[in-house]
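*Asks:* Can you read through this structure? Questions will come right after.
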Amino acid sequence: MVLCLLGVQLTACDAEPLPDSDCVNGTTEASACGLNDRGAQHRTCAAGQWSDLTPCEDPDVCVDGAEESLACGLNGRGTGTRTCSSGAWGEPRCEDKDKCRDWDLETIRCGVLATQSRECTSGQWGPLGFCDDPAPLSLQVPGRQDLIHDARRKRLYITTREGGGQVRVFSLVTGYFDAPLLTGGSFLGIDLSPDGDTLIVADGGFSAPRNWIHLIDLKTGTSRRIEFELESGEGGTFMALFTSNTEALVSSDYNGSGWSPLRKVDLVTGAATSLALAAVNTMLTLSADGSTVAYAQSNTSSGNWGRYKVGAQTFANAMTGWFVREAAVSRDASQYAVPTYNGLYVFNSDLASPTLLGTYARQLPTGAVYSPVSDELYLAWTGAKTSIDVYSTKTLRKLRDIELKPGLFQDFSDHAFSGGRMRVSRDGAWLFATTGTDGVVIYPTRR
148 MVLCLLGVQL TACDAEPLPD SDCVNGTTEA SACGLNDRGA QHRTCAAGQW SDLTPCEDPD
208 VCVDGAEESL ACGLNGRGTG TRTCSSGAWG EPRCEDKDKC RDWDLETIRC GVLATQSREC
268 TSGQWGPLGF CDDPAPLSLQ VPGRQDLIHD ARRKRLYITT REGGGQVRVF SLVTGYFDAP
328 LLTGGSFLGI DLSPDGDTLI VADGGFSAPR NWIHLIDLKT GTSRRIEFEL ESGEGGTFMA
388 LFTSNTEALV SSDYNGSGWS PLRKVDLVTG AATSLALAAV NTMLTLSADG STVAYAQSNT
448 SSGNWGRYKV GAQTFANAMT GWFVREAAVS RDASQYAVPT YNGLYVFNSD LASPTLLGTY
508 ARQLPTGAVY SPVSDELYLA WTGAKTSIDV YSTKTLRKLR DIELKPGLFQ DFSDHAFSGG
568 RMRVSRDGAW LFATTGTDGV VIYPTRR
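Using my numbering, read the sequence shown as starting at 148 and increasing by one per residue.
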C-alpha cells in the first residue's frame with residue numbers, strides 16, 4: 148500500500164492478484180457434476196486465472212435407484228411406479244382397470260352390412276346397441292350357379308358360367324363386388340375348406356383327354372388346377388366338396404345320359420381314385436360334423452340318392468321313385484331331406500321311414516338345407532305360394548317364415564343350381580339362396 152501525504156487525501160492502491168499456482172494459460176479443466184456425477188463442466192486458465200465453471204452438462208434426468216409414483220392408464224386412474232436406472236426413468240408399471248377412454252364411441256360390424264355401437268363410461272364399455280341390420284339383401288348375378296359364405300373374410304363367393312364364367316366375390320362389409328378370383332371358366336359347384344383358407348371349384352369345361360377342378364388359396368389369391376383323365380362319355384366336373392382340408396369328392400357331367408366317376412381326390416398330390424359310378428350331375432352335400440356326404444343322382448327316374456361315410460368310405464343307397472336334384476343332410480347325419488316333384492321326402496338315419504312334405508306338382512319344396520348348429524330345416528317352397536320356411540327336424544312342423552314372396556322361385560327343376568339352391572353360414576346365422584333366374588338373396592335366420 149502506498150500513502151500519498153502531499154494533500155489532504157489518502158488513497159489506497161490495491162495490489163495485482165496473485166496467479167493461481169495450478170493454472171497454466173490456455174489449459175482447460177473438466178470436472179464431474181450432475182445428479183449421478185456423469186455430467187461435466189469446464190473452466191479455462193487465462194492470464195494465470197481460472198475462469199468460472201461452465202454450466203453442468205448432465206445427461207441424467209433422475210438419481211439412480213430413485214422411485215416415482217404417478218398416475219397412469221387410459222384415463223389417468225391407474226396407479227404406477229417407475230425406477231431410475233442409468234440416469235433415466237424406466238417404463239412405468241401401470242395397474243389400470245379401465246378398458247377404454249371415457250366417452251369414446253365404438254362402432255362395430257354386425258349382421259350383413261349393419262353396425263351397432265357402444266359408449267365408454269367410467270373406463271368400461273357399455274352394452275352394444277341394437278344392430279341396425281337391413282332387410283334381406285338381394286343381388287342380381289347373371290349366370291349365377293353356386294355360392295358359399297366366408298365368415299372370416301366377410302365375403303360371399305358366387306360361381307357363374309355364362310359369357311366366360313367367374314368366381315365372383317361379394318363383400319359383406321362394403322356391399323360391393325370385389326375383383327373376381329377366377330375368370331374364363333364354366334364354374335359350377337363351390338365349397339370352402341374346413342380351415343376356411345381354400346376354395347374348391349368345379350368347372351363344366353373340359354378338353355379331351357382331361358377335365359379339372361380349381362383350388363384357390365384365399366390367403367394369397369393364387370389358384371391351381373387339378374386335372375383328371377376323362378372316362379368314356381364324361382364331360383366337365385359338376386360338384387366339388389371338401390371332406391377334409393386335404394381331400395375332396397368330385398362329381399362330373401356326362402355327354403348324354405349315362406354314368407360318370409365319383410372321384411376322391413388327394414388335394415396335395417392331385418391323385419384321384421374313382422369310388423363309384425354316379426349319374427350325370429350328381430349333387431354332393433356334407434353334414435356339418437363332417438362325417439357323411441349325402442348324394443343325389445339326377446337324371447334317374449328311380450330317384451337314386453344315398454350317403455357316403457367319410458371315415459369308413461362306405462356307401463348306402465336309397466330311392467324316392469322320383470327325379471331328384473339334391474339331398475340335404477342334418478348336422479349329425481341323423482336325418483336326410485330329398486326334394487322331388489312329388490314333394491320333399493324326409494328319411495331317418497337308416498335312409499328309411501320317409502315322411503312326405505308338400506303336394507305333387509302344386510306346393511312343394513324345391514330346395515332344402517339343414518342348420519349346422521340347431522335342429523332346423525330350411526325349405527324353399529314353390530307352387531301357388533313361394534316362400535322360405537323353417538321347420539323343426541324333430542316334429543317336421545313349421546316354426547316360422549323367413550320370406551314369403553310371390554315369384555321367389557320358379558317351378559321345380561331337377562337341376563341343383565337352379566332357383567332354390569341354399570347354403571347356411573357355419574354359425575347358423577345367415578341363409579343364402581338363389582332365386583328367380585339370376586337372383587341371390589341373403590337372409591338372417593333369426594333362430
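We put the CB at the ideal spot given by N, CA and C, even for glycine.
Predicted model, so just to flag it, every value in this text is computed and none were measured.
Using a threshold of 7 Å, state whether the C-beta atoms of Q444 and N451 are closer than that.
*Replies:* Position 297 of the sequence shown, counted from the first residue, corresponds to residue 444. Position 304 of the sequence shown, counted from the first residue, corresponds to residue 451. Yes; because the gap between Cβ atoms is below 7 Å, this pair is in contact.
*Asks:* Going by DSSP, name the residue or residues bridged to G530.
*Replies:* Position 383 of the sequence shown, counted from the first residue, corresponds to residue 530. According to DSSP, G530 bridges with Q510.
*Asks:* With H, G and I counted as helix, E and B as strand and the rest as coil, what does DSSP make of K301?
*Replies:* One-based indexing of the sequence shown puts residue 301 at position 154. K301: coil per DSSP, three-state reduction.
*Asks:* Assuming F579 contacts R573 (C-beta within less than 8 Å), just tell me the rounded distance between them.
*Replies:* Counting from 1 along the sequence shown, the entry for residue 579 is found at position 432. Counting from 1 along the sequence shown, the entry for residue 573 is found at position 426. That belief does not hold up - the Cβ atoms of F579 and R573 are roughly 12 Å apart, past 8 Å.
*Asks:* Starting from D400 and walking both ways along the beta strand (DSSP E), at which residues does that stretch end?
*Replies:* Locating residue 400 in the sequence shown gives position 253, where the first residue counts as 1. Looking at the DSSP string, the run of the beta strand (DSSP E) that includes D400 is 394 to 401.
*Asks:* My output table needs one value for S448: the three-state DSSP class, helix, strand or coil.
*Replies:* Taking the first residue of the sequence shown as position 1, residue 448 is located at position 301. Correct three-state label for S448: coil.
*Asks:* Helix, strand or coil, according to DSSP, for W577 in the structure here?
*Replies:* Position 430 of the sequence shown, counting from 1, holds the residue named residue 577. W577 falls in the strand class under three-state DSSP.
*Asks:* Nearest-angstrom Cα distance between A218 and E242?
*Replies:* Here residue 218 refers to the residue found at position 71 when the sequence shown is read from its first residue. Here residue 242 refers to the residue found at position 95 when the sequence shown is read from its first residue. When rounded, the distance between both Cα atoms is 10 Å.
*Asks:* When the Cα of A435 is compared with those of P519, C192, G310, which residue comes out closest?
*Replies:* For the purposes of this step, residue 435 is taken as the residue at position 288 of the sequence shown. Checking every option, the nearest Cα to that of A435 belongs to P519.
*Asks:* With DSSP run on the structure shown, which of helix, strand or coil describes C192?
*Replies:* Residue mapping note: residue 192 aligns to position 45 of the sequence shown, counting from 1. Three-state result, C192: strand.
*Asks:* State buried or exposed for Q287, treating a residue as buried only when at least 16 other CB atoms are found within 10 Å of its CB.
*Replies:* Position 140 of the sequence shown, counted from the first residue, corresponds to residue 287. Flag for Q287 reads exposed.
*Asks:* Which term fits L153, buried or exposed, when burial requires 16 or more other beta carbons within 10 angstroms of its beta carbon?
*Replies:* By one-based count along the sequence shown, residue 153 stands at place 6. Note on L153: pLDDT 41, under 50, position unreliable in the model; the coordinate value appears next. Classification of L153: exposed, given that the 10 Å Cβ count is below 16.
*Asks:* Taking all protein chains shown into account, do 16 or more other C-beta atoms lie within 10 angstroms of the C-beta of V313, making it buried, or fewer, making it exposed?
*Replies:* Counting from 1 along the sequence shown, the entry for residue 313 is found at position 166. Here residue 313 turns out to be Gln, not Val, going by the sequence shown. Per the 10 Å Cβ criterion, buried.
*Asks:* For V348 and L329, which I take to be in contact (beta-carbon distance under 8 Å), what is that distance rounded to the nearest angstrom?
*Replies:* By one-based count along the sequence shown, residue 348 stands at place 201. By one-based count along the sequence shown, residue 329 stands at place 182. At roughly 7 Å, the Cβ-Cβ gap stays under 8 Å, so V348 and L329 are in contact.
*Asks:* Where in the segment 236 to 265 do unbroken runs of the beta strand (DSSP E), each at least 3 residues long, occur, reported from the N-terminal end onward?
*Replies:* For the segment 236 to 265, whole beta strand (DSSP E) runs of length 3 or above, ordered along the chain, are 240 to 242, 252 to 257.
*Asks:* Distance, Cα to Cα, E253 vs I589?
*Replies:* As a working note, residue 253 is residue 106 in the sequence shown. As a working note, residue 589 is residue 442 in the sequence shown. So the alpha carbons of these two residues sit roughly 26 Å apart.
*Asks:* Rounded to the nearest angstrom, what separates L221 and K244 at their Cα positions?
*Replies:* On the sequence shown, position 74 is the one that residue 221 refers to. On the sequence shown, position 97 is the one that residue 244 refers to. Taking the straight line from one Cα to the other gives about 9 Å.
*Asks:* Grab me the residues of W577's own chain with a C-beta within less than 8 Å of its C-beta, minus the 5 sequence neighbours each way, in chain order.
*Replies:* Here residue 577 is taken as the residue at index 430 of the sequence shown, counted from 1. Excluding positions up to five away in sequence, the list reads V259, H296, V571, I589, Y590, P591, T592.
*Asks:* Buried or exposed: G567, going by 16 or more other Cβ atoms within 10 Å of its Cβ?
*Replies:* Mapped onto the sequence shown, residue 567 falls at position 420. Buried is the call here.
*Asks:* Could you check which residue in F559, I255, C247, S198 has the C-alpha nearest to that of D269?
*Replies:* One-based indexing of the sequence shown puts residue 269 at position 122. What sits at residue 269 in the sequence shown is Ser, not Asp. Nearest C-alpha to S269: C247.
*Asks:* If I measure Cβ to Cβ from G343 and keep anything under 6 Å in the same chain, skipping five residues before and after, which residues do I get?
*Replies:* Position 196 of the sequence shown, counted from the first residue, corresponds to residue 343. Only R299 meet the Cβ criterion.
*Asks:* Return the Cβ separation of D522 and T502 in integer angstroms, given the expectation that the two are a contact with Cβ distance under 8 Å.
*Replies:* Translated into the one-based positions of the sequence shown, residue 522 becomes position 375. Translated into the one-based positions of the sequence shown, residue 502 becomes position 355. D522 to T502, Cβ: 15 Å. No contact.
*Asks:* To the nearest angstrom, how far is it from the Cα of V210 to the Cα of N183?
*Replies:* Residue mapping note: residue 210 aligns to position 63 of the sequence shown, counting from 1. Residue mapping note: residue 183 aligns to position 36 of the sequence shown, counting from 1. Taking the straight line joining both Cα atoms gives about 6 Å.
*Asks:* Examine the ligand SAH and report whether any of its heavy atoms sits within less than 6 Å of the Cβ of Q188.
*Replies:* Of ligands this structure carries none, so the ligand SAH is not represented either.
*Asks:* Please identify the residue among G458, L388, R478 whose C-alpha is closest to the C-alpha of L346.
*Replies:* Within the sequence shown, residue 346 is the residue found at index 199, counting from 1. Of the candidates G458, L388, R478, the one whose C-alpha sits nearest the C-alpha of L346 is L388.
*Asks:* For D536 versus L543, is the C-beta spacing smaller than 7 Å?
*Replies:* Here residue 536 refers to the residue found at position 389 when the sequence shown is read from its first residue. Here residue 543 refers to the residue found at position 396 when the sequence shown is read from its first residue. No, they are not a contact pair.
*Asks:* Got a sec, what are the start and stop residues for the beta strand (DSSP E) P486 sits in?
*Replies:* The sequence position of residue 486 within the sequence shown is 339, counting from 1. That run of the beta strand (DSSP E) goes 482 to 487.
*Asks:* With DSSP as the reference, please indicate the residues paired to P591 in a beta bridge.
*Replies:* To locate residue 591, count along the sequence shown from 1; it is residue 444. Per DSSP, W577.
*Asks:* Kindly identify the DSSP beta-bridge partner or partners of F324.
*Replies:* Counting from 1 along the sequence shown, the entry for residue 324 is found at position 177. For F324, which the question treats as bridged, DSSP gives the partners F317.
*Asks:* Ignore the nearest five residues each way along the sequence and tell me which others in T175's own chain have a CB closer than 8 Å to its CB.
*Replies:* Within the sequence shown, numbered from 1, the residue matching residue 175 stands at position 28. Closer than 8 Å at Cβ, skipping near neighbours: H189, R190, T191, C192.
*Asks:* Hey, out of R308, L409, A418, whose CA is closest to M430's CA?
*Replies:* Against the sequence shown, residue 430 aligns to sequence position 283. Nearest C-alpha to M430: L409.
*Asks:* So, with DSSP's three-state summary, where would you put L503?
*Replies:* Against the sequence shown, residue 503 aligns to sequence position 356. Correct three-state label for L503: strand.
*Asks:* Taking only three categories from DSSP, how would you classify R547?
*Replies:* On the sequence shown, residue 547 is found 400 positions in, with the first residue counted as 1. Reduced to three states, the DSSP call for R547 is strand.
*Asks:* What does DSSP give as the partner residues of L377 in its beta bridges?
*Replies:* To locate residue 377, count along the sequence shown from 1; it is residue 230. Beta-bridge pairing links L377 to no other residue.
*Asks:* Which residues share a DSSP beta bridge with P408?
*Replies:* Residue 408 sits at position 261 when you count from the first residue of the sequence shown. Its beta-bridge partners are L424.
*Asks:* Does the Cβ-Cβ distance between G181 and D199 come in under 7 Å?
*Replies:* Sequence index remark: in the sequence shown, residue 181 carries index 34 (1-based). Sequence index remark: in the sequence shown, residue 199 carries index 52 (1-based). Cβ atoms of G181 and D199: not closer than 7 Å.
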